[in-house]
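J.:
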Amino acid sequence: MGNLYSYQSNGQSVEPSKAVTGHKWEYEIYFDPEAEVDYGDKYDIKEEDLMTTLKQLVGVDEVIINVWAYTAPPMEAESSPRLLFHMFVVFKTEGWWWSIEKHTDGITIQRSYFKTAVIDRYRRKNRKSGWEVLKEDIGKMSVHELIEWLYKKGEQKKT
14 MGNLYSYQSN GQSVEPSKAV TGHKWEYEIY FDPEAEVDYG DKYDIKEEDL MTTLKQLVGV
74 DEVIINVWAY TAPPMEAESS PRLLFHMFVV FKTEGWWWSI EKHTDGITIQ RSYFKTAVID
134 RYRRKNRKSG WEVLKEDIGK MSVHELIEWL YKKGEQKKT
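The numbering of the sequence shown is the working numbering, which starts it at 14 and goes up by one.
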């Protein structure tokens, strides 16, 4: 069948783009504190500022109540939906809805008063339709602890 990063299409081997395999990875966190609007503040946070800047923006007392994992159609390599898919996580705190996901342009964290804004939108543009809930669970940490975990695990560096 070929290597992990290729697939067969009508008998021909097809190689995905460098973006799909992680070769164009950006080491950055994008934070949108108002995902429901097309304007306003948004932040591109470099790794060295992650533990200070992002923690100041999200606060330390936002406890995650519920978590949902969504699968969505792939943003690239659309001809192989059975082999490649995109997943993002939505979580609820007392006052906000959040989403977090990883693409080649970095890790994106969005926040909104409205659930639909973090599910139906990505970086202030409408998502493709077709997403569905893969799994649901209760929260086990705060947003602050999640950011610390991401940093300690080096998730911002992984492709």
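Cβ coordinates follow ideal geometry from the N, Cα and C atoms, glycine included.
(1) So is Tyr18 buried or exposed if we call it buried at 16+ other beta carbons inside 10 Å?
(2) Which residue spans inside the region 87-163 form an unbroken beta strand (DSSP E) run of at least 3?
(3) Given this structure, state the Cα-to-Cα distance separating Gln123 from Glu41, to the nearest angstrom.
(4) Measuring straight from C-alpha to C-alpha, what distance separates Lys128 and Ala82?
(5) Relative to the alpha-carbon of Val102, which residue among Glu145, Tyr56, Gly167 and Gln69 has its alpha-carbon at the smallest distance?
(6) CB-CB under 8 Å to His157, same chain, minus the five flanking residues each way: which ones, in chain order?
T.: Quick look at the numbers:
(1) Caution applies to Tyr18, whose pLDDT of 31 falls short of 50 and renders its modelled position unreliable; the value that the coordinates give is listed next. Its Cβ having fewer than 16 others within 10 Å, Tyr18 is exposed.
(2) 99-105, 110-116, 119-125 and 145-151
(3) 14 Å
(4) 13 Å
(5) Glu145
(6) Lys68, Val71, Gly72, Val73, Asp74 and Glu75
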